[in-house]
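Accompanying notes for the structure given below.
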Ligand SMILES: [Zn+2]
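Here's what the structure looks like:
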């Protein structure tokens, strides 16, 4: 889950106590110097420069569309009678999305009805708000499509989720997600709540599970769980959530401010393994989080748990985001590392396919940040050649069933 880089959010989080939780995890302070270096900072700057210089020049050429609706110019999509994007190719396997969210209402819990249907979904990158839509480039890391103004909107929205409510979040509902899943041939989605470390009103795991049950949508939406790694009751909560059926646990190093290899959280991995959970990490630097958080998400910090818990399965969300090359290298060394594809552009997707042969690549969308069709289109583009039919099925669906047999 990317989030905004604005100051208000930073103040909001620390005022809300998130930094207190992180301080309790500071087991690595003695080697803090090497945890994040000038070379790391330079690498991110270089990644942005290279992306700007090479976009549109990869194996798939220029891939810029006029908003999500603009994807209708691709062979697999059309616009329906309401002008909404529709996937019309019934040879495409029904997909499983391992990375989705619902609307968030936290802290003071502004009113949010997750069972409401609204005429249109306002994605956080609201690329169809205008007609024609905003430029949607599928050959860059997807958050590069946010303009500065759109990032400011995102900042306001993030605050609104905890205070006065968000006009975006009010459209991030179960009926709206299901409608888009129907249109995009996405059969099932794993919902990833996040424990933010707030002093109160921090119950997305419970809220989303309850909403899915109330909507009777459990066959299509599988609610996951999240704990704040340093919370004293984290293990108890994990047991309780696992007992209620959750199978996938979101951990977010940059939002929750911890290093994945912090010795203080090894108990969490132990328990996850015992409970048969799969860990979903936000992986790598998205580039739009506060800079002070970048340090937690360097790919090398994910290696120790991969190595020391070989029976525990880990999904590396966003395939490393803007640290995609290092994350890909890491993932190839461990059989328990799965790469969540969400966010990567088509050139890097092609590279991932060539390096992995498609093994352990998982389709994800990060809804409601983006329309499901943005991620689907990229997978269809890179698998649109003879001999890649099975690869397409593996990425969209079958790899997810290998990891979560109950979805098959
Ligand atoms: Zn996410």
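Numbering (our numbering), first residue to last: 791 to 1198.
Every residue, glycine too, gets a C-beta built ideally from N, C-alpha and C.
From a predicted model like this one, the values you see are computed outputs, not experimental measurements.
Cβ shell of residue i (< 8 Å), same chain only, five flanking positions each side left out
i            : result
residue 919  : 912
residue 1029 : 1061, 1065
residue 903  : 960, 963
residue 981  : 890, 891, 892, 998, 1002, 1011, 1012, 1013, 1014
residue 1091 : 825, 1043, 1049, 1050, 1051
Rounded separation between residue i and residue j - CA only
i            : j            : result
residue 830  : residue 1089 : 11 Å
residue 862  : residue 1143 : 25 Å
residue 1011 : residue 828  : 42 Å
residue 1038 : residue 917  : 30 Å
residue 1041 : residue 1033 : 19 Å
residue 967  : residue 848  : 32 Å
residue 739  : residue 949  : Only positions 791 to 1198 of the chain appear in this structure, which leaves residue 739 out of reach.
residue 998  : residue 1013 : 7 Å
residue 1194 : residue 1104 : 12 Å
residue 1146 : residue 901  : 45 Å
residue 935  : residue 1191 : 31 Å
residue 1169 : residue 927  : 14 Å
residue 957  : residue 908  : 11 Å
residue 898  : residue 1017 : 19 Å
residue 1050 : residue 1111 : 16 Å
residue 851  : residue 1070 : 32 Å
residue 1093 : residue 874  : 42 Å
residue 943  : residue 1177 : 43 Å
residue 947  : residue 1158 : 13 Å
residue 1068 : residue 853  : 34 Å
residue 868  : residue 1082 : 43 Å
residue 941  : residue 1080 : 12 Å
residue 1036 : residue 1025 : 14 Å
residue 1208 : residue 924  : It is not possible to answer for residue 1208, since the shown part of the chain is limited to 791 through 1198.
residue 969  : residue 1152 : 22 Å
residue 860  : residue 880  : 20 Å
residue 939  : residue 1116 : 31 Å
residue 1100 : residue 930  : 32 Å
Residue i beta carbon near ligand 3 (any heavy atom closer than 7 Å)
i            : result
residue 1156 : Ligand 3 is not part of this structure, which contains only ligand 1.
Boundaries (first-last residue) of the alpha helix (DSSP H) holding residue i
i            : result
residue 1028 : 1024 to 1033
residue 1145 : 1136 to 1146
residue 1163 : 1162 to 1172
residue 1157 : Residue 1157 -> no alpha helix (DSSP H), and no H or E assigned at all.
residue 1128 : Per DSSP, residue 1128 belongs to no alpha helix (DSSP H); it is in the beta strand (DSSP E), 1127 to 1130.
residue 886  : It is not in any alpha helix (DSSP H) - residue 886 instead sits in the beta strand (DSSP E) that spans 885 to 890.
residue 828  : 828 to 844
residue 1190 : 1189 to 1193
residue 1017 : Premise fails: residue 1017 is in no alpha helix (DSSP H) and is neither H nor E.
residue 995  : 994 to 1004
residue 1182 : 1179 to 1183
residue 733  : Residue 733 lies beyond the residue range present for the chain, which begins at 791 and ends at 1198; the question has no answer from this structure.
Cβ shell of residue i (< 7 Å), same chain only, five flanking positions each side left out
i            : result
residue 1148 : 1181, 1184, 1185
residue 992  : 896, 985, 986
residue 843  : none
residue 932  : 1133, 1160, 1164
residue 1187 : 883, 884, 885, 886
residue 1122 : 1145, 1146
residue 1005 : 905, 964
residue 1198 : 1191
residue 817  : Any answer about residue 817 is weak, because its pLDDT of 43 lies below 50 and its placement is not dependable; what the coordinates show is given next. Around residue 817: 1052, 1053, 1054.
residue 872  : none
residue 954  : 900
residue 870  : 876
Continuous beta strand (DSSP E) stretch holding residue i: start and end
i            : result
residue 1040 : 1038 to 1041
residue 1012 : 1011 to 1013
residue 981  : 976 to 981
Cβ shell of residue i (< 6 Å), same chain only, five flanking positions each side left out
i            : result
residue 1084 : 1075
residue 1172 : 1136, 1139, 1140
residue 973  : 876
residue 1007 : 964
residue 1249 : The chain is shown only over 791 to 1198; residue 1249 falls outside these bounds and no answer can be derived.
Checklist entry - Which full runs of the alpha helix (DSSP H) of 4+ residues lie inside the stretch 909 to 970, going along the chain? => result 938 to 952
Item to check | Whole alpha helix (DSSP H) elements within the stretch 1051 to 1108, 4-residue minimum | outcome: For the stretch 1051 to 1108, the full-length alpha helix (DSSP H) segments reaching 4 residues or more read 1056 to 1065, 1093 to 1098 along the chain.
Checklist entry - Going along the chain, which unbroken runs of the beta strand (DSSP E) with 3 or more residues stay wholly within the stretch 853 to 904? => result 854 to 856, 867 to 869, 875 to 877, 885 to 890
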